[in-house]
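I have placed the structure first, in the form of structure tokens, so that the comments after it can refer back to it.
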Amino acid sequence: MNGKRWAALVIAAVLFFVSIGTSIASSLIFADTEEIFNDMFAADQEFMEEVMEGEDELNKIAVFDLDGVIQDTGETNPIMSAGGYHHRAFMDKLQMAKDDGDIKGIVLHVNSPGGGVVESAEIYDKIKEIQKDTKKPVYISMGSMAASGGYYISAPADKIYASPETMTGSLGVIMQGYNYEKLAKKYGVEFVTIKSGPYKDIMSPNREMTAEERKILQTMINNSYDQFVKIIADGRNMPENRVRELADGRIYDGRQAKEVNLIDEFGHLEDVTDAMKKEIKSPDAQVVRYTDAIGFGSLLGMGAQKLMGKDLETAGLLKLLSQPNSPRLMYLYAE
């Protein structure tokens with residue numbers, strides 16, 4: 001073997017080992033990237049704290065924002081989970097407020113049209129648990145909208161505040177779906193369904209619903225509605241027959257809601273925290289707003305959404321894919 005071939009072999013070997021080294025280094029660097037960014041932006045905190053006012057750190061008022069549809073999306077995909085309401089994170093914040101001895105009062109700032117029956121009930125149960133186990137007062141500050149499930153989670157609060165312009169009410173349960181059977185026939189689309197029982201494809205979008213199926217679903221709706229009525233009756237100290245008069249699905253503005261005892265007082269968030277200071281007898285209580293920590297996944301998701309927002313077709317597809325793919329019971333104000 002001549003010198004040129006030996007030189008070529010040496011160069012090839014060097015390039016090979018450099019390539020391996022680069023791959024290993026890259027994997028180590030990118031494996032730690034998310035952890036590094038989370039350390040930078042989350043600062044090892046589960047939640048970010050914004051001190052709004054007050055100096056008394058031993059008497060804190062925790063403010064939690066509930067914005068958007070109350071729905072557990074799983075929050076495993078950073079593209080889907082950036083922004084909006086995060087159910088698991090919200091439940092974690094409530095648990096933190098229960099466990100933190102320095103937090104003496106809780107204010108929920110609700111701006112929601114409602115959402116899932118199960119998720120709303122989970123929040124309700126946690127609020128009741130906090131009240132029972134810790135005696136910490138819970139106040140509600142309604143934003144522009146606190147309807148349906150947004151009211152469900154507000155009902156157990158010690159006091160409910162709203163603006164005269166707040167939209168609330170829409171007390172009831174809804175289940176919606178689509179039926180595109182006629183459209184499919186028009187374009188010659190045939191659906192083939194193999195099922196184990198007569199109701200396995202109940203509320204299928206490709207055929208008309210039978211009377212028996214409608215009866216089954218209506219019973220489910222009625223059960224959830226009865227629970228909603230009981231929640232309001234207990235929380236607002238109203239007779240159930242009066243609640244049923246109010247809970248026919250209509251919406252109320254803040255003025256109407258106050259007239260029928262669905263809220264207690266008019267006021268914005270600052271008014272509510274001031275009232276809570278009096279409740280816990282600490283004029284200089286530290287008012288702290290807790291928000292989700294910003295991690296690398298959230299930054300990635302926000303960046304991806306910003307880029308895809310310029311592509312209407314992609315944005316529409318993203319929204320479609322993020323929606324539940326089957327009908328479900330909802331405490332939701334559906335415009």
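Residue numbers (this note's numbering): 1 to 335.
Where a beta carbon is used, it is the ideal one built from N, C-alpha and C, also for glycine.
Cβ-based neighbour list, residue i, same chain, cut-off 6 angstroms, excluding 5 preceding and 5 following
i: M175; result: P327, L329
i: P137; result: G105, D158, E279
i: M203; result: G177, P327
i: K200; result: none
Identified DSSP bridge partners for residue i
i: N59; result: According to DSSP, N59 bridges with nothing at all.
i: E50; result: R289
i: E265; result: Y161
i: L332; result: G114
i: T168; result: A146, Y252
i: D65; result: H109
i: S141; result: H109, Y161
i: I70; result: G115
i: I174; result: M330
Distance, residue j Cα to residue i Cα
i: R88; j: K281; result: 32 angstroms
i: F228; j: G235; result: 11 angstroms
i: A62; j: G249; result: 32 angstroms
i: S196; j: K60; result: 56 angstroms
i: E55; j: E213; result: 59 angstroms
i: K278; j: N261; result: 22 angstroms
i: E265; j: K104; result: 21 angstroms
i: H109; j: Q218; result: 33 angstroms
i: G143; j: R289; result: 15 angstroms
i: G177; j: Q286; result: 46 angstroms
i: V243; j: I194; result: 44 angstroms
i: I140; j: A257; result: 14 angstroms
i: Y252; j: A155; result: 15 angstroms
i: D271; j: M209; result: 50 angstroms
i: E49; j: K215; result: 49 angstroms
i: N241; j: A233; result: 9 angstroms
i: I221; j: P239; result: 21 angstroms
i: M96; j: D274; result: 22 angstroms
i: M52; j: A211; result: 56 angstroms
Neighbour flag for residue i against chain C, beta carbons, 9 angstroms
i: Q131; result: Looking at the structure shown, chain C is missing, and only one protein chain is on hand.
Nearest-angstrom beta carbon gap, residue j and residue i [assumed within contact, 8 angstroms]
i: G267; j: Y151; result: Their Cβ separation, rounded to whole angstroms, is 17 angstroms, which puts G267 and Y151 out of contact at 8 angstroms.
i: Y85; j: I231; result: Not confirmed; about 20 angstroms, so no contact.
i: Q71; j: G115; result: 5 angstroms
i: I130; j: I153; result: Not really, about 12 angstroms apart at Cβ, beyond 8 angstroms.
i: E57; j: M91; result: Rounded, the Cβ-Cβ distance is 25 angstroms, inconsistent with contact.
i: G74; j: S163; result: G74 to S163, Cβ: 33 angstroms. No contact.
Chain-order list of residues whose beta-carbon lies under 7 angstroms from that of residue i (same chain, five-residue window excluded)
i: P113; result: V69, M145, A147, S148, G150, L332, Y333
i: N358; result: This structure leaves residue 358 out entirely; the chain is present only between 1 and 335.
DSSP-derived helix/strand/coil call for residue i
i: K104; result: strand
i: S112; result: strand
i: Y151; result: helix
i: D125; result: helix
i: A247; result: coil
i: D201; result: coil
i: T193; result: coil
i: R207; result: coil
i: S282; result: coil
i: M91; result: helix
i: V229; result: helix
Own chain residues within Cβ distance below 8 angstroms of residue i, not counting five before or after
i: S134; result: The sequence shown places Thr at residue 134, rather than the Ser named in the question. Only K98 meet the Cβ criterion.
i: G172; result: S148, Y225, F228, A247, D248, G249, Y331
i: E119; result: I70, Q71, D72, H87, G149
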